[in-house]
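Peer 1:
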Amino acid sequence: MPLNPIRARARDRGNLLGRPEFLSLNQPPRAGFTEGRGTGRRGGHKSQQSQPWEYQPEPTDTAKERKDPAKLPEEDCMQLNPSFRGIAMNSLLAIDICLSKKLGVCAYTSSSWGSVRSMVTLLALTGHGITWIFGTLLCLTRSNTLAGQEVLVNLLLALVLDVMTVAGMQKLVKRKGPWEMSPGFLDCIAMDTYSFPAAHASRAAMVSKFLLSHLVLAVPLRILLVLWAFLVGLSRVLLGRHHLTDMACGFALGLLHFSLVETVWLSSSACQTIISIGTLSWSPFN
Numbered sequence: 001m002p003l004n005p006i007r008a009r010a011r012d013r014g015n016l017l018g019r020p021e022f023l024s025l026n027q028p029p030r031a032g033f034t035e036g037r038g039t040g041r042r043g044g045h046k047s048q049q050s051q052p053w054e055y056q057p058e059p060t061d062t063a064k065e066r067k068d069p070a071k072l073p074e075e076d077c078m079q080l081n082p083s084f085r086g087i088a089m090n091s092l093l094a095i096d097i098c099l100s101k102k103l104g105v106c107a108y109t110s111s112s113w114g115s116v117r118s119m120v121t122l123l124a125l126t127g128h129g130i131t132w133i134f135g136t137l138l139c140l141t142r143s144n145t146l147a148g149q150e151v152l153v154n155l156l157l158a159l160v161l162d163v164m165t166v167a168g169m170q171k172l173v174k175r176k177g178p179w180e181m182s183p184g185f186l187d188c189i190a191m192d193t194y195s196f197p198a199a200h201a202s203r204a205a206m207v208s209k210f211l212l213s214h215l216v217l218a219v220p221l222r223i224l225l226v227l228w229a230f231l232v233g234l235s236r237v238l239l240g241r242h243h244l245t246d247m248a249c250g251f252a253l254g255l256l257h258f259s260l261v262e263t264v265w266l267s268s269s270a271c272q273t274i275i276s277i278g279t280l281s282w283s284p285f286n
């Protein structure tokens, strides 16, 4: 007996709604959805805003990673178009570090020149700030001439200027040495804790130029004085304390200090006043 066409269509419709993709159509509508339909689209939007207590699921870590792609640190990012200046500076810096490490043959006792480390350390000590400041003060107490006292007072001021300037620049730059060695006790006293610029090289260049300008010396002594200044700066490189560029900038800074002291040279009367104040024998009312 043939089926009724109306019943057949109803049965086919029931089978169609029973499929998985149409199961949501058979579910009863939610209360919030019914209220939204009753109030219209605008009302539904307002009801969503007027219910701050409604639970909002937080995005998972995977969703966050999809939204915000991971950012690489700046040092891992490759510069596709580096400037010529940047390439030149990085190349010179790499060469400086490589040569400085190769020249640090006295950095440790186990180094290739470790047997002469004590002699190189003694040579570097002759350019230390504490050594020159105490030596200048000792000579100033033994000097009896006005000209000698004038030279020594200006030398003392130049040494103090050199120590303070180099310490300030080292604190500002904070460059580590090629071997990253911890500073010694005397270096901490003289505030020579970082690498750039080299304090010993600056002091040796300033002192040698100062003595060559204000002392009458024979030619062999003048050559030895210049050689001493160069070896003092090089000794710190051999000990692994400074780079080659630190030594070169230290020499340039020492010559600049000498030029500055020559510009503001203190007269003999001003030096006598400073000596009187220092020895607590100044009597301004007499």
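Going by full-length UniProt numbering, the final residue of the sequence shown carries number 286, and the count climbs one at a time with no gaps.
Glycine residues also receive a C-beta, built at the ideal position from the N, C-alpha and C atoms.
Remember, predicted model here, so these are calculated numbers, not experimental data.
1. Where does the unbroken alpha helix (DSSP H) through Glu-180 begin, and where does it stop?
2. From the DSSP output, in three-state form, read off Pro-197 for me.
3. Nearest CA to the CA of Arg-241: which residue from Ser-269, Trp-265, Ser-112, Pro-197?
4. If you draw a straight line from the C-alpha of Val-153 to the C-alpha of Asp-162, how long is it?
5. Count Cβ pairs between the stretch 251–267 and the stretch 199–206 that sit closer than 8 Å; are there 3 or more?
6. Rounded to whole angstroms, what's the CA-CA distance from Leu-227 to Val-219? Just pull it up for me.
7. Classify Arg-236 as buried or exposed, calling it buried when 16 or more other Cβ atoms lie within 10 Å of its own Cβ.
8. Pair every Cβ in the stretch 160–176 with every Cβ in the stretch 103–116, then say whether three or more of these pairs are closer than 8 Å.
9. Alpha helix (DSSP H) containing Val-226: first to last residue?
10. Reducing DSSP to helix, strand and coil, say where Met-191 ends up.
11. With H, G and I counted as helix, E and B as strand and the rest as coil, what does DSSP make of Trp-265?
12. Determine the burial state of Met-119: buried for a count of at least 16 other Cβ atoms within 10 Å of its Cβ, exposed for fewer.
13. Any chance the CB of His-243 is under 6 Å from a heavy atom of the ligand MG?
14. How about Thr-136 and Leu-155: are their beta carbons less than 7 Å apart?
15. Evaluate contact between the stretch 139–149 and the stretch 174–186, counting only Cβ atoms and requiring at least three cross-stretch pairs below 8 Å.
16. Less than 8 Å between the CB atoms is what I'm expecting for Leu-239 and Ala-94, so what's the real figure, rounded?
Peer 2: In terms of the structure at hand:
1. In the sequence shown, residue 180 corresponds to position 180, counting from 1. Segment: none, Glu-180 is in no alpha helix (DSSP H) and carries neither H nor E.
2. Sequence index remark: in the sequence shown, residue 197 carries index 197 (1-based). It is coil, neither helix nor strand.
3. Here residue 241 corresponds to residue number 241 of the sequence shown, with the count starting at 1. Taking only the C-alpha atoms, the option nearest Arg-241 is Pro-197.
4. As a position in the sequence shown, residue 153 is number 153, starting the count at 1. As a position in the sequence shown, residue 162 is number 162, starting the count at 1. Cα to Cα, Val-153 sits roughly 14 Å from Asp-162.
5. yes
6. One-based indexing of the sequence shown puts residue 227 at position 227. One-based indexing of the sequence shown puts residue 219 at position 219. Distance between the alpha carbons of Leu-227 and Val-219 is about 12 Å.
7. Here residue 236 corresponds to residue number 236 of the sequence shown, with the count starting at 1. Buried, by the Cβ-count rule.
8. no
9. For this step, residue 226 is matched to residue 226 along the sequence shown. Element bounds for Val-226: 219–238.
10. Numbered from 1 along the sequence shown, position 191 holds the residue referred to as residue 191. Residue state, collapsed to three classes: coil.
11. Along the sequence shown, read from residue 1 onward, the residue named residue 265 stands at position 265. It is coil, neither helix nor strand.
12. Taking the sequence shown and counting its residues from 1, one reaches residue 119 at position 119. Exposed.
13. Absence of the ligand MG from the depicted structure is noted, as is the absence of any ligand whatsoever, leaving it without description.
14. The residue labelled residue 136 in the question sits at position 136 within the sequence shown. The residue labelled residue 155 in the question sits at position 155 within the sequence shown. Yes, the pair counts as a contact, with Cβ atoms nearer than the cut-off.
15. no
16. On the sequence shown, position 239 is the one that residue 239 refers to. On the sequence shown, position 94 is the one that residue 94 refers to. Between Ala-94 and Leu-239 the Cβ distance is about 22 Å, and since that is not below 8 Å, they are no contact.
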